[in-house]
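The next block holds one structure in the form of structure tokens; read it before the comments.
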Amino acid sequence: MQFLKDLNPKQQEAVKTVEGPIMVVAGPGSGKTRVLTYRIAYLIHIGVPASNILALTFTNRAANEMKERIVQLVGDKSKQLWMGTFHSVLAKILRIEGEKIGYERNYTIYDSADSLSLIKSIMSAKGISTQQFNPQAIRARISSAKNQLVMPDDYARRTLDLFEEKTAAVYVDYQKQLKHNNAMDFDDLLLKPIELFDRNKKTLEKYHDRFRFILIDEYQDTNRAQYILIRLLAEKHKNICVVGDDAQSIYAFRGADIRNILDFEHDYPDARLIRLEQNYRSTKTILDAADRVIKHNVDQIAKDLWTQNQAGEKITLLACADDRDEGGTIVQKIYEETHRRKIDLNGIAIMYRTNAQSRAIEDALRRNSIPYVIIGGIEFYQRKEVKDVLAYFRVLVNLRDDESFLRIVNYPSRGIGEAAIVRLRAFANSKQRSLLDAASGVGDLPGVTTKARNGLREVSTLFQKYVQIKSEISISELCRSLVDELGILPMFKNEGTPDAMTRWENVQELLSAITEFSERRSDATLEDFLQDVSLVSDIDEWDGSHNAVTLMTLHSAKGLEFPIVFISGLEEGLLPFSNSALDRKEVEEERRLYYVGITRAMEKLYLSYARARYRFGEVTYQTPSRFLEELSDASLETINNVQRYPARTHHVNEENAARHRKPPKQVDHDHSDVMPDYENDTASCLNLRIGSFVEHETFGKGKILTIAGVGDSMKAVVDFPSVGRKSLLLQYAHLKVL
DNA sequence: ATTAGGCGATTTTTT
DNA sequence: ATCGCCTAAT
């Protein structure tokens with residue numbers, strides 16, 4: 020038991036309290052991951068078979084890291100451990116048990132984009148206008164209903180308005196269609212196991228006996244469905260250890276319910292509560308800043324974070340003229356830092372609220388030849404050509420997957436148009452067969468052109484052929500041969516445009532990914548690969564060992580640490596993010612996100628904001644974030660590039676005076692001339708600001724949400740209680756400030 | 001049936 | 001600014 024001496028007393032207690040429910044509230048950098056890994060290692064060490072342990076994490080990456088570490092501690096006997104994300108572990112259980120609730124083991128997993136297209140097709144089938152009712156919004160409603168375990172019929176009974184009625188109607192068909200396709204969406208991966216265990220007590224008991232010790236990471240980010248699932252699994256032995264930090268709960272938008280962690284002691288009355296409050300990660304300055312910020316929140320478990328680390332350097336605030344300047348200034352600081360400390364680029368991370376912000380920063384990095392890796396954003400597996408090819412594989416694996424079938428039935432073009440599809444659908448429905456199946460009986464199909472008929476026959480024989488050879492050749496050969504037969508690669512080559520070349524490369528890359536996957540796991544099936552694609556995210560694949568700066572959203576940054584962290588875009592409307600007025604709870608979630616960002620930093624933290632920023636292709640004027648005021652002046656130093664551009668509340672006269680002042684120091688090159696003159700702007704003359712209340716001749720009173728554009732084309736979006744949101748040209752609107 | 005060109009929405013965050 | 005979707009033209 021040598022390894023326990025790596026732990027402080029609190030951590031040891033968390034590791035050695037093996038029986039009964041236990042909650043570990045772990046502040047940032049307090050060794051949470053360490054506790055989890057050592058606890059598992061300890062269990063195995065004292066003789067618990069690894070196969071009796073279930074550990075659920077938030078990302079696959081966290082799971083893999085821990086697994087490796089555990090192997091180091093106790094060796095190969097840990098291999099039988101069940102560890103992964105909720106979604107991946109449950110997907111695995113559903114492959115085994117799904118037949119009990121009417122799914123075949125080769126079911127397909129739909130991502131949000133797949134769900135959306137299914138919802139759209141249901142809407143058009145039911146004659147619900149996608150103009151009037153936003154399919155995205157309907158998808159989101161259905162998803163959140165599922166997260167709360169509200170079933171279609173329950174939902175239908177509780178509708179409050181027309182939109183919800185339509186949603187209810189779509190929801191019913193959506194679930195039917197998923198089942199018909201032998202497919203599940205992300206939410207089903209949580210829901211269906213609950214259904215399984217409810218209906219099938221024997222199966223539940225089997226898993227009770229298997230998972231005698233359960234550990235949950237990032238408990239603050241679990242939703243209702245996950246909560247119920249954990250309760251079901253743990254109800255017999257009650258050996259459940261949850262680890263989390265309410266202050267780092269940042270997934271409410273996805274249904275995460277912070278009550279799960281706040282009420283743990285209520286749910287398990289004899290629960291042991293352990294707080295880890297010593298921070299090993301950050302300097303005193305950084306930790307104090309984080310602590311000060313989070314104290315502004317009302318909803319939280321009180322904690323006293325402390326550290327023995329040194330005070331370290333002050334936090335540096337970079338006040339920038341615009342997003343381009345922000346990128347340039349960050350680059351300059353990266354230069355300084357890499358020269359000053361012996362630090363590699365992979366010790367540096369740049370974080371932002373929205374993926375769209377990465378662009379200006381990427382430009383700056385590229386201009387200065389600084390290598391970077393970017394996490395998230397437009398994902399490889401979301402690209403059209405990749406999804407198209409994957410759809411072929413999906414159909415091959417699950418012949419009932421109508422959604423994927425529809426995607427590829429006329430790709431590449433086979434002369435199958437909408438009319439033919441309508442006929443095929445009707446035919447399939449009447450026979451209760453899948454579309455692919457129906458396509459094979461295309462001879463009986465009336466009202467279809469010869470061309471379409473031949474096309475359908477072609478698709479059908481194509482799949483018959485590959486179903487047959489599927490088990491005979493390796494999956495990489497199978498996939499390559501299928502792609503070759505489609506002829507899309509030469510098609511891209513012939514097109515010759517840079518865009519087509521990228522597509523060509525992407526398809527090649529997909530094929531290499533499959534090869535690599537099957538080399539890594541000798542028994543891997545195509546089913547396994549497809550599941551991996553659905554459930555693995557960018558962050559899971561990220562490898563911090565390259566010499567490159569890492570760019571990512573604040574959400575992706577959770578669980579990571581870097582010696583140097585930049586948080587960019589500290590502006591109202593961006594961090595905290597809003598498209599309209601925020602209520603307290605929303606601001607608190609944004610603040611937690613900010614807190615997560617701050618606490619990623621070990622040695623040095625930079626914050627930055629831009630006075631102006633391109634959003635939606637227009638210049639928008641930004642106000643520094645309220646979160647900046649929550650830091651103490653003593654711990655902060657400011658580098659100001661924007662002396663010329665005083666705060667927007669200032670009067671015109673002062674601005675004129677300010678214009679003649681020279682900026683103290685030009686930090687970076689070539690980005691100083693893009694700013695428009697403030698003093699000519701209608702908005703500044705009128706003293707209009709985001710959040711101002713104004714009056715309009717016809718619309719009445721309203722509140723300004725955004726201001727964009729320059730000079731004559733300057734526009735404001737105003738929220739009028741009477742008529743809703745309006746985008747107005749200030750030149751004509753004659754707004755009166757109230 | 002395919003394609004070009006115009007229009008409108010889109011940007012919150014993700015398993 | 002960019003992407004997807006729709007319409008009109010071929």
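My numbering numbers the first residue of the first sequence as 20 and each following residue consecutively.
Don't be surprised by glycine CBs; every beta carbon is placed ideally from N, CA and C.
Nearest C-alpha to arginine 80 among Val555, Leu215, Tyr613 and Val713: Val555. Three or more beta-carbon pairs drawn from the stretch 187-197 and the stretch 158-173 are found closer than 8 Å, and the two stretches are therefore classed as touching. Between leucine 100 and alanine 74, the C-beta spacing is below 9 Å. Here phenylalanine 182 has Phe152 as same chain residues with Cβ atoms under 7 Å from its own Cβ, once five neighbours each way along the sequence are excluded. Residues Ala69 and Val90 of the same chain have their beta carbon placed closer than 8 Å to that of lysine 98, with the five preceding and five following residues left out of the count. Scanning the stretch 252-337 for uninterrupted alpha helix (DSSP H) segments of 4 residues or longer gives 278-281, 283-286 and 303-313, listed from N- to C-terminal end. Judged by DSSP secondary structure, glycine 103 falls within the beta strand (DSSP E) whose first and last residues are 101-104. Taking 9 Å as the cut-off, the Cβ atoms of asparagine 258 and aspartate 420 do not count as close. Residue nearest to asparagine 374 within the set Met571, Thr76 and Val416 is Met571 (criterion: CA-CA distance). For the pair leucine 454 and glutamate 528, the Cα-to-Cα distance works out to about 30 Å. Rounded to whole angstroms, the separation of the alpha carbons of tyrosine 246 and isoleucine 41 is 15 Å.
Restricting attention to Asn316, Phe511 and Ile233, the CA atom closest to the CA of phenylalanine 646 is found in Asn316. Contact annotation, valine 526 with valine 502: C-beta distance approximately 7 Å; criterion of less than 8 Å satisfied.
Looking at the backbone, the Cα of glutamate 296 and that of phenylalanine 22 are separated by about 21 Å. CA-CA distance, phenylalanine 105 to proline 465, rounds to 47 Å. One Cα belongs to alanine 188, the other to phenylalanine 446, and the distance between them is close to 23 Å.
For lysine 623, there is no enclosing alpha helix (DSSP H); the enclosing beta strand (DSSP E) has its first and last residue at 620-634. For leucine 179, the three-state secondary structure derived from DSSP is coil. Assignment of methionine 520 by DSSP, reduced to helix, strand and coil, places it in the helix class. Taking 4 residues as the minimum length, the alpha helix (DSSP H) runs contained wholly in the stretch 25-93 are 28-35, 51-64 and 79-93, in order along the chain. Residue environment: asparagine 166 is assigned as buried (16 or more neighbouring CB atoms within 10 Å of its CB, all protein chains considered). Under the three-state reduction of DSSP, aspartate 204 is assigned to strand.
By the 16-neighbour rule on beta-carbons within 10 angstroms, serine 301 is buried. If you draw a straight line from the Cα of proline 28 to the Cα of alanine 567, it comes to about 37 Å. Inclusion of phenylalanine 399 and alanine 410 in the CB contact set at 9 Å is not warranted, their separation being larger than that value.
In this structure, the straight-line span from the alpha carbon of threonine 304 to that of lysine 333 is close to 7 Å. Secondary structure of leucine 508 (DSSP, three-state): helix.
The Cβ-Cβ distance between arginine 360 and proline 47 does not fall below 9 Å. In this structure, DSSP gives asparagine 417 a state outside helix and strand, which the three-state scheme calls coil.
Between lysine 51 and valine 261, the C-beta spacing is not below 9 Å. Annotation: threonine 516 to tryptophan 523 spans about 11 Å, alpha carbon to alpha carbon.
As DSSP reads the structure, glutamate 590 sits in a beta bridge with Pro643. Non-local C-beta neighbours of valine 54 in its own chain, meaning closer than 8 Å and more than five positions away in sequence, comprise Leu26, Gln30, Ala33, Val34, Val43, Ala45, Val262 and Leu295, ordered along the chain. Distance from the CA atom of threonine 357 to the CA atom of aspartate 363, rounded to whole angstroms, is 7 Å. The beta-carbon distance between leucine 573 and glycine 616, rounded to whole angstroms, is 5 Å. This is short enough to meet the 8 Å contact definition. Note that the stretch 232-239 touches the stretch 262-281; at least 3 beta-carbon pairs, one per stretch, sit closer than 8 Å.
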